[in-house]
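Q: 39 is the number of the first residue of the sequence shown in this note's numbering; add one for each residue after it.
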Amino acid sequence: MRRLGILLSGRGSNFEAIAASIAEKRLDAEIAVVVSNRPEARGLERARELGLTAVCVPSKGVERQEYDRRVVEVLREHNVELVCLAGFMRLLSGYFIREFPMRILNIHPSLLPSFPGLDAQHQALDYGVKVSGCTVHFVDENLDSGPILIQAVAPVLDGDTADTLSARILKEEHRIYTEAIRLVLAGGWKLEGRRVTQPDLPPSRG
Ligand code: GAR
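#1: Please go through the segment 151 to 199 and give each complete beta strand (DSSP E) segment of 3 or more residues, from N-terminal end onward.
#2: May I ask you to verify whether the segment 153 to 164 touches the segment 131 to 140, counting CB pairs closer than 8 Å and requiring at least 3?
#3: Check Gly-244 in the structure and name its three-state DSSP category.
#4: Looking at the structure shown, is His-146 part of a helix, part of a strand, or coil, going by DSSP?
#5: Is the closest heavy atom of the ligand GAR to the C-beta of Cys-172 under 7 Å?
#6: Whole angstroms are fine: how far does the CA of Val-234 sit from the CA of Ser-183?
#7: Is Gly-81 helix, strand or coil by DSSP?
#8: May I ask you to report which of helix, strand or coil DSSP gives Leu-229?
#9: Whose CA, out of Cys-172, Arg-128 and Phe-126, lies closest to the CA of Ala-147?
#10: Between the alpha carbons of Ser-170 and Arg-206, how many angstroms are there, rounded?
#11: Decide if the segment 218 to 229 is in contact with the segment 58 to 73; the criterion is three or more beta carbon pairs, one per stretch, under 8 Å apart.
#12: Any chance the CB of Ile-56 is under 7 Å from a heavy atom of the ligand GAR?
#13: Are the CB atoms of Ser-74 and Arg-102 within a distance shorter than 8 Å?
#14: Within the present structure, is the beta-carbon of Asn-180 separated from the nearest heavy atom of the ligand GAR by less than 7 Å?
#15: Determine the DSSP secondary structure at Thr-216, reduced to helix, strand or coil.
#16: Checking contacts by CB at 8 Å: is Leu-130 closer than that to chain C?
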């Protein structure tokens with residue numbers, strides 16, 4: 039299960055971090071295709087520069103189920119085994135999720151279940167939390183829901199703006215997305231309720 043399909047809507051820095059991990063042999067996988075719903079996405083252009091297959095499936099004016107059918111078709115054409123949402127700003131339909139059961143990951147810039155949805159870093163600042171971070175999780179039909187694979191913490195500092203906090207969190211995002219993909223590809227993980235565990239690993243002795 040090593041063929042990744044990356045879905046993005048914008049800048050694509052998480053995609054680039056995954057591509058770098060593969061290039062530097064820290065992740066044994068290949069990017070089969072990069073798909074964007076927005077033609078102007080920087081990530082799409084970057085994928086082409088890296089010599090990867092990059093496809094735009096425009097979402098404007100397309101009904102959700104029909105849109106997802108088109109994207110699934112592209113992913114199937116490229117024999118994608120694991121779908122990685124990397125700043126893909128759309129909710130997936132049940133149809134899409136059933137096509138790739140426990141085979142879709144997402145990264146979100148908060149410690150879920152706090153601050154799902156848009157502008158998670160703004161939400162964290164507005165709420166006044168002292169730590170935030172990021173989460174990689176399996177995708178289900180609800181927004182930023184689904185069993186959690188990995189989280190990382192980033193402190194919220196006095197004087198932070200959404201930009202400075204986002205940059206601190208983004209650094210952690212780039213690190214844990216690779217880790218999470220590695221964990222899923224390695225297999226041996228188990229789902230107990232909502233908990234993702236790795237029974238093959240000895241429990242750490244804190
Ligand atoms: C990232 O911060 C990612 O966590 C967030 O969008 C940004 C995309 O950046 N995703 C979400 O908020 C999903 N709910 P990137 O295009 O540079 O990877």
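Even for Gly, the Cβ is constructed at its ideal location relative to N, Cα and C. Everything numeric in this text was worked out from a predicted model, so none of it was measured.
A: For this structure:
#1: DSSP runs (the beta strand (DSSP E)) wholly in the segment 151 to 199: 169 to 176 and 186 to 193.
#2: Taking 8 Å as the limit for Cβ pairs, the verdict is that the segment 131 to 140 does not touch the segment 153 to 164.
#3: Residue mapping note: residue 244 aligns to position 206 of the sequence shown, counting from 1. At Gly-244 the pLDDT is 48, less than 50, meaning the model places this residue with poor confidence; the figure from the coordinates comes in the next sentence. Residue state, collapsed to three classes: coil.
#4: For the purposes of this step, residue 146 is taken as the residue at position 108 of the sequence shown. Correct three-state label for His-146: strand.
#5: Here residue 172 refers to the residue found at position 134 when the sequence shown is read from its first residue. Cys-172 Cβ: within cutoff of the ligand GAR.
#6: Taking the sequence shown and counting its residues from 1, one reaches residue 183 at position 145. Taking the sequence shown and counting its residues from 1, one reaches residue 234 at position 196. Inter-residue distance for Ser-183 and Val-234 is about 13 Å (C-alpha atoms, whole angstroms).
#7: Here residue 81 is taken as the residue at index 43 of the sequence shown, counted from 1. Of the three classes helix, strand and coil, the one that applies to Gly-81 here is helix, per DSSP.
#8: If you number the sequence shown from 1, residue 229 lands on position 191. Leu-229 falls in the strand class under three-state DSSP.
#9: Residue 147 sits at position 109 when you count from the first residue of the sequence shown. With the sequence shown as reference, residue 147 is identified as Pro, and Ala is not the correct amino acid for it. Considering only alpha carbons, the answer is Cys-172.
#10: In the sequence shown, the residue the question calls residue 170 occupies position 132. In the sequence shown, the residue the question calls residue 206 occupies position 168. In a straight line, the C-alpha of Ser-170 is about 10 Å away from that of Arg-206.
#11: The segment 218 to 229 is in contact with the segment 58 to 73.
#12: As a first step, residue 56 must be located in the sequence shown, where it is residue number 18. No - the ligand GAR has no heavy atom lying nearer than 7 Å to the Cβ of Ile-56.
#13: For the purposes of this step, residue 102 is identified with residue 64 of the sequence shown, where counting begins at 1. For the purposes of this step, residue 74 is identified with residue 36 of the sequence shown, where counting begins at 1. Cβ atoms of Arg-102 and Ser-74: not closer than 8 Å.
#14: Residue mapping note: residue 180 aligns to position 142 of the sequence shown, counting from 1. Using a cutoff of 7 Å, the CB of Asn-180 does not count as near the ligand GAR, since none of the ligand's heavy atoms is closer than that.
#15: If you number the sequence shown from 1, residue 216 lands on position 178. The three-state secondary structure of Thr-216, taken from DSSP, is helix.
#16: Considering every chain present, this structure includes no chain C. It has just one protein chain.
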